[in-house]
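First up is the structure itself, then whatever we jot down about it.
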Amino acid sequence: MKPPGRRVWLFDLDNTLHDASAASFAPTNVAMTQYIVDHLGLSHDEAGSLRQHYWLHYG
17 MKPPGRRVWL FDLDNTLHDA SAASFAPTNV AMTQYIVDHL GLSHDEAGSL
67 RQHYWLHYG
């Protein structure tokens, strides 16, 4: 029997499943900050501070 043709994406953003290199986090941080800028209308500095706040509080 052939398994269903589903594609699964698994994101380990908090580094619990494997020891990711620090190099992978910089582009993710940039993209998340830009998303906040684009969707909440904050300045880049404000968006970076908000992203950092969420990371510290929610992981």
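Counting in our numbering, the sequence shown runs from 17 upward without gaps. In this text, a Cβ means the ideal position worked out from N, Cα and C, and glycines have one as well. Owing to the predicted nature of the structure, the values given are computational and were not obtained by experimental measurement.
query	result
Do A63 and Q50 have their beta-carbon atoms positioned less than 9 Å apart in this structure?	yes
How big is the Cα-Cα spacing for S37 and N45?	14 Å
Please report the straight-line C-alpha distance between W25 and L33, rounded to a whole angstrom.	14 Å
Enumerate in chain order the residues of its own chain whose CB-to-CB distance from L29 is below 8 Å, with the five nearest sequence positions on each side excluded.	T44
How is W71 classed by DSSP in three states: helix, strand or coil?	helix
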